[in-house]
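Everything below concerns the one structure shown next.
In this note's numbering, the protein residues as written are 8 to 366.
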């Protein structure tokens, strides 16, 4: 796949696009072909550059770009800001993701499979129980950042496979840290957490084994949690003299339960986790991924924008008073009711119901 590099061309645009193209090429492995400015050819992937120091005259046009486009822009356009030192690592990872249908070429500890608008992301470090080494966290953050921009992905399934989820922190890495040198590792954790929590597409967590400490924290960043019978959950930070993450845990199971989980450091089996409302359903051992895949494909058939808006509103209303929450929901409902897709789905449902009545 060729990757086109375009620039906004607005009257205020001040950007050395050729230099940036060279910077991009030098940041990536060989095999990526770049074209400066589209000449009549329609590209479905690319990088758009904007260097307008003030308001960009083409901002509305830029905001309408869809598909696998990365917008690298100045602050005036409110897209991904171009840093002083060139492209950030997150942007480089996104560029890599444009090739081969979005498959990141340099993933070492994650697997990505996309089918029927469902992206399945698998932590793949089984020899270490999928422990969260810095490289694993870095890949999680980069991959979810890339997924966020893809219109061919409606739902994400995040898993460690049928046997594991994640044993949590890589203790060997933590043991090396001192108070004065812990910022980078902590930042990696929180970038990974935020990339999942704020991924615009719904994220389903499929827990096949132990989800402990940092692994447990990853599960709470997902929107829906399913587990196999062999799954176990534990917020074990207190055992290591570490403070745990309480939010969003308390939003999921309530403050009293969250305090119990955090302060006791207990390990809970799948049935206990289901009883407290942490997971939605338990599947037989060995059937987890198949069962969750069916749910994800059913969800992924729904409207892309409506899925994202539903997730966004679920997160937003928690921070509103009741009146504000109702107003937001009313506004969004007005946005979608009567739309072309709404009419199409009503027609499909009515046809299906009519066919069922004729049987």
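Where is the CB? At the ideal position from N, CA and C, for every residue including glycine.
In the three-state scheme derived from DSSP, where H, G and I count as helix and E and B as strand, residue 278 is classed as helix. Excluding the 5 residues flanking it on each side, residue 118 has same chain C-beta neighbours closer than 7 Å at 129, 131, in chain order. As DSSP reads the structure, residue 363 sits in no beta bridge. Looking only at 120, 199, 175, the smallest Cα-Cα distance to residue 151 is reached by 199. At the C-beta level, residue 168 and residue 215 come within 8 Å of one another. Here the region 224-235 lies against the region 202-216, with 3 or more beta-carbon pairs under 8 Å apart. Straight across, the Cα-Cα distance linking residue 335 with residue 122 is about 33 Å. For residue 202, the secondary structure class from DSSP, reduced to helix, strand or coil, is helix.
Between the beta-carbon of residue 284 and that of residue 260 there is about 5 Å, and that keeps the pair under the 8 Å contact cut.
For residue 298, the uninterrupted alpha helix (DSSP H) run begins and ends at 295-307, by DSSP.
Across the structure, residue 328 and residue 136 are spaced so that their CA atoms are roughly 42 Å apart. Distance from the CA of residue 292 to the CA of residue 342, rounded to the nearest whole angstrom, comes to 42 Å. Beta-bridge pairing by DSSP links residue 240 to 218, 275. Inclusion of residue 175 and residue 138 in the CB contact set at 8 Å is warranted, their separation being smaller than that value. Residue environment for residue 157: buried (at least 16 other C-beta atoms within 10 angstroms of its C-beta).
Around the beta carbon of residue 177, 16 or more other beta carbons lie within 10 angstroms, which makes this residue buried. Contact between residue 269 and residue 242 holds, since their C-beta atoms are separated by about 5 Å, short of 8 Å.
When only Cα atoms are considered, residue 319 and residue 160 end up about 16 Å apart. Checking the DSSP bridge columns, you'll see residue 268 has no partner listed.
Going by DSSP, residue 288 is part of the beta strand (DSSP E) stretching over 288-290.
By the 16-neighbour rule on beta-carbons within 10 angstroms, residue 362 is exposed.
For residue 246, there is no enclosing alpha helix (DSSP H), as DSSP gives it neither H nor E.
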